[in-house]
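Positions 1 to 126 (UniProt numbering) are the ones given, in order, by the sequence shown. Some notes on the structure that comes next.
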Amino acid sequence: MKTQVNKIKADLQHFCGTEMVFKIPLIGTRFTDGLKYLANEAECFWLITDASVIAKSLSNRSEFITIDFKRLSEKEQIEKQCEAIINYSDGNDKIFETHRYNVTDFPLDELRLFFVNNTLMLPSEY
């Protein structure tokens with residue numbers, strides 16, 4: 001597992017901009033090459049879909065939305081009664097929503113994404 005995590009982290013560093021944009025048909029949001037890679041490698045299409053739906057619903061509050069996934073420490077898991085959270089904010093510490101995930105198989109402990117112009121992307125692709 002640790003080898004997979006290290007490989008994903010290293011590979012994500014190589015995405016700068018995007019050559020291709022993919023679309024989620026039911027909601028019409030787009031996502032980039034880097035997220036397509038992440039979804040395939042980490043088997044996390046659920047994350048792209050969830051983040052897209054929620055960020056799109058918040059786009060009337062800000063044109064730029066950050067999505068921060070964080071796996072909680074054991075102590076935090078007990079306190080918050082969930083394994084991970086995703087904060088949706090304006091990038092300036094104004095949190096619009098926090099979503100809790102009781103269980104997750106996402107291999108990374110942390111991940112930041114941006115949602116701009118109906119497109120979900122890695123920060124390096126902005």
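For glycine and all other residues, C-beta sits at the position ideal for the given N, C-alpha and C. Predicted model only: the values in this text are computed from it and were never measured.
The beta strand (DSSP E) spanning residue i covers which residue range?
i: Asn40; result: Asn40 -> not in any beta strand (DSSP E); alpha helix (DSSP H) instead, spanning 33-42.
i: Val5; result: Segment 2-12 is the alpha helix (DSSP H) holding Val5; no beta strand (DSSP E) there.
i: Asn87; result: 84-89
i: Val116; result: 110-116
i: Leu120; result: 119-121
i: Arg100; result: 95-101
Please look up how many angstroms separate the CB atoms of residue i and residue j, rounded, as I've assumed it's under 8 Å.
i: Phe96; j: Leu58; result: 5 Å
i: Leu113; j: Met121; result: 7 Å
i: Tyr37; j: Phe15; result: 7 Å
i: Ile24; j: Thr49; result: 6 Å
Would you report the Cα separation of residue i and residue j, rounded to the nearest angstrom?
i: Glu83; j: Asp68; result: 14 Å
i: Ser124; j: Ile86; result: 19 Å
i: Ile54; j: Thr3; result: 31 Å
i: Gln81; j: Ser89; result: 22 Å
i: Tyr126; j: Thr98; result: 23 Å
i: Thr119; j: Lys56; result: 9 Å
I'd like to know whether the C-beta atoms of residue i and residue j end up nearer to each other than 8 Å.
i: Ser52; j: Ile78; result: no
i: Val5; j: Leu72; result: no
i: Val21; j: Thr32; result: yes
If you follow the alpha helix (DSSP H) that residue i is in, where does it begin and where does it stop?
i: Glu74; result: 74-80
i: Val53; result: 45-58
i: Asp68; result: Where Asp68 is concerned, there is no enclosing alpha helix (DSSP H), although the beta strand (DSSP E) it sits in stretches over 64-71.
Within 7 Å: the Cβ of residue i and any heavy atom of the ligand NAP?
i: Thr49; result: Annotation note on the ligand NAP: not contained in the displayed structure, which lists no ligands.
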